[in-house]
Every structure is written in structure tokens, then in C-alpha cells.
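A.B. asks: For the sequence shown, numbering that gives the first Met the number 0 assigns the number 0 to the initial residue and increments by one for each residue that follows.
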Amino acid sequence: MARIKGGLNAKKKHNRVLKLAKGYRGARSNQYRVAKQSVMRALASSYAGRKERKRQMRQLWIARINAAARLNGLSYSRFMYGLKLAEIDINRKMLAEMAVNDAEGFAQLAKIAKSKIA
Numbered sequence: 000m001a002r003i004k005g006g007l008n009a010k011k012k013h014n015r016v017l018k019l020a021k022g023y024r025g026a027r028s029n030q031y032r033v034a035k036q037s038v039m040r041a042l043a044s045s046y047a048g049r050k051e052r053k054r055q056m057r058q059l060w061i062a063r064i065n066a067a068a069r070l071n072g073l074s075y076s077r078f079m080y081g082l083k084l085a086e087i088d089i090n091r092k093m094l095a096e097m098a099v100n101d102a103e104g105f106a107q108l109a110k111i112a113k114s115k116i117a
């Protein structure tokens, strides 16, 4: 049986990595060995970044809710506790949206939360 050389598969693998490294500076976009390291790191960072983005969005929502709650005389934690006692189940994304775009509706929620705490 004839021996099969691995040149074609290696070339395909190299080209796949170099395509991902397109736009990198210097040897990172031209040399396979350097590009492979850069691509591996970039892929790991992008995976971590997708997780980090979720944390940052939640932080942003909480900051917006806190600011709006304080305008209505409550802290964030007391506002959320009041909503829980009132059995109002709205997620933070929607509360933040209300805080920015529907101040009257948010004020009503804050009023309900205040009445449940007191």
C-alpha cells in the first residue's frame, strides 16, 4: 500500500488558522506558529468576553434601577425587597427599561414597594 503524506491536511489546518489571524499585526498574521498562539488566545478571550458581557449588562441594569429608585426615595435593595413582598415579579432588564423610558410606571412600582415595606 502506498504511503500518504500529510501535506494537504497540514496546509488546510494552517490556512484555517491563518484565516482567523487575518488583520493581526506583524508575524501574527503570517507565520503559522505565532498565529496559532494568537488565535488560541483570542478565542479564549472572546469566550470569556461573552460571559463578561452578561455580568456587565446586569451591573448596568442594577445601576439604572438604583438611580431611579433613589429618585423615588428608596435604595435599590429596599426597592427590590418591596417588590418581592408585593409579589411583583419583573426582571431587572425590564425594570431598567422602565426606569429609563417610563418614569411614571416606575414611580408607581416604587410607591407599591414603599407601602409593602412600611
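Don't be surprised by glycine CBs; every beta carbon is placed ideally from N, CA and C.
Just the C-alpha distance for R57 and A43, rounded to the nearest angstrom, thanks.
C.D. replies: In the sequence shown, counting from the first residue as 1, residue 57 sits at position 58. In the sequence shown, counting from the first residue as 1, residue 43 sits at position 44. Straight-line Cα distance between these residues: approximately 22 Å.
A.B. asks: Helix or strand or just coil, what does DSSP make of K21?
C.D. replies: Reading the sequence shown from its first residue, position 22 is the one you call residue 21. If DSSP states are grouped into helix, strand and coil, K21 belongs with coil.
A.B. asks: So is A9 buried or exposed if we call it buried at 16+ other beta carbons inside 10 Å?
C.D. replies: As a working mapping, residue 9 is identified with position 10 in the sequence shown. That one is exposed.
A.B. asks: Check for me: the alpha helix (DSSP H) holding L108 runs from which residue to which?
C.D. replies: Walking along the sequence shown from the start, residue 108 turns up at place 109. L108 -> alpha helix (DSSP H) spans A102 to I116.
A.B. asks: For a test of the three-state rule: what should DSSP assign to L73, helix, strand or coil?
C.D. replies: Working through the sequence shown from its first residue, we reach residue 73 at position 74. It is coil, neither helix nor strand.
A.B. asks: What is the DSSP secondary structure of Q30, reduced to helix, strand or coil?
C.D. replies: The sequence position of residue 30 within the sequence shown is 31, counting from 1. Three-state DSSP puts Q30 in coil, outside helix and strand.
A.B. asks: Using DSSP with H/G/I as helix, E/B as strand and the rest coil, what is E51?
C.D. replies: Within the sequence shown, the letter at position 52 stands for residue 51. Looking at E51 - three-state DSSP - the assignment turns out to be helix.
A.B. asks: What is the DSSP secondary structure of N65, counted as helix, strand or coil?
C.D. replies: If you number the sequence shown from 1, residue 65 lands on position 66. In the structure shown, N65 sits in a helix (DSSP, three-state: H, G or I).
A.B. asks: So what does DSSP say about G6, is it helix, strand or coil?
C.D. replies: Counted from its first residue, the sequence shown places residue 6 at position 7. Note: G6 maps to helix in three-state DSSP.
A.B. asks: In angstroms with no decimal places, state the Cα-to-Cα distance between G104 and F78.
C.D. replies: In the sequence shown, residue 104 corresponds to position 105, counting from 1. In the sequence shown, residue 78 corresponds to position 79, counting from 1. Going from the Cα of G104 to the Cα of F78 covers about 14 Å.
A.B. asks: Do the CB positions of A47 and L73 come within less than 8 Å of each other?
C.D. replies: Reading the sequence shown from its first residue, position 48 is the one you call residue 47. Reading the sequence shown from its first residue, position 74 is the one you call residue 73. Result no, Cβ atoms of A47 and L73 do not sit closer than 8 Å.
A.B. asks: Is R63 closer than 8 Å to A95 when the C-beta atoms are compared?
C.D. replies: Position 96 of the sequence shown, counting from 1, holds the residue named residue 95. Position 64 of the sequence shown, counting from 1, holds the residue named residue 63. Contact: yes.
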